[in-house]
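Worksheet: one structure, shown below.
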Amino acid sequence: MNLRNFPVSPFFSDAILSDRFNRMDRLFSQLTGDASAASIPAYDLQQLDGEHYALTVSVPGWTQSELEIEVTGGQLTVAGRKAGNNNADADAEKEAGPSWLHRGIHQADFRLSFTVPEHVKVTGARLENGLLRVALEQEVPESAKPRRIPIEQGDTQLLSHQA
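Last residue of the sequence shown: number 163 in the UniProt record's numbering, and the count goes up by one each step with no gaps.
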């Protein structure tokens, strides 16, 4: 039995299959109301030491004015909203601008939410080279920290039985 390799036609190229997957993902997202997987940016959560953490969100092409970080009731929310993300702008861009052969850098609005433990506070944020870095610090008050209670050794008296 001979195994023969057939040339793959351009119809089955990765870009076209990827585009079809993205279209199906958007369709199911519209039907279910969930955020599409393609519109959620990648992120890293790192523990730097015992008290410091860093959240890094990949946001290439986003500006500082299009991003928002908010902490409310134990929820840290990182959101991005593009100023020109509406259907009228997209239609005008199609008519006037270049046509895309492949668009892999997603610019859709997004919203990431994280549950933050009680004593963790956001200490800063920085946007640099397409990465949004959010600094977190755990500040446990002295009253909430575990403390050692010394154990005293009591007087032990032996009772002797006299007969």
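Every residue, glycine too, gets a C-beta built ideally from N, C-alpha and C.
Please read these numbers as outputs of a predicted model, since none were measured by experiment.
Problem - Leu136 - containing beta strand (DSSP E), residue span - result: Membership of Leu136 in the beta strand (DSSP E) is indicated by the continuous run Leu131 to Gln138.
Exercise for the section: Could you check the C-alpha separation between Arg147 and Ala42 for me, to the nearest Å? Expected result: Roughly 39 Å between the two C-alpha positions.
Exercise for the section: Could you say which of Ser58, Ala54, Arg81 and Glu139 lies nearest to Glu68 if we only look at CA atoms? Expected result: The shortest C-alpha separation from Glu68 is found at Arg81.
Problem - Buried/exposed call for Trp100, threshold 16 Cβ in 10 Å - result: Under this definition Trp100 is an exposed residue.
Practice task
Can you grab the Cα-Cα spacing for the pair residue 181 / Thr123, in whole Å?
Solution key: Here the chain comprises residues numbered 1 to 163, so residue 181 is not present and cannot be evaluated.
Problem - Close-in-space but distant-in-sequence residues of the same chain around Trp62 (CB under 6 Å, 5 per side omitted) - result: Excluding sequence neighbours, Trp62 sits near Gly80.
Practice task
Look at the alpha carbon of Glu70 and the alpha carbon of Gln46, and state the distance between them as a whole number of angstroms.
Solution key: Looking at the two C-alpha atoms, the distance is approximately 19 Å.
Exercise for the section: Assign Val116 to buried or exposed, taking buried as 16 or more other Cβ atoms, counted over all protein chains shown, within 10 Å of its Cβ. Expected result: With 16 or more Cβ atoms within 10 Å of its Cβ, Val116 is classed as buried.
Practice task
Can you grab the Cα-Cα spacing for the pair Leu127 / Val78, in whole Å?
Solution key: Roughly 12 Å between the two C-alpha positions.
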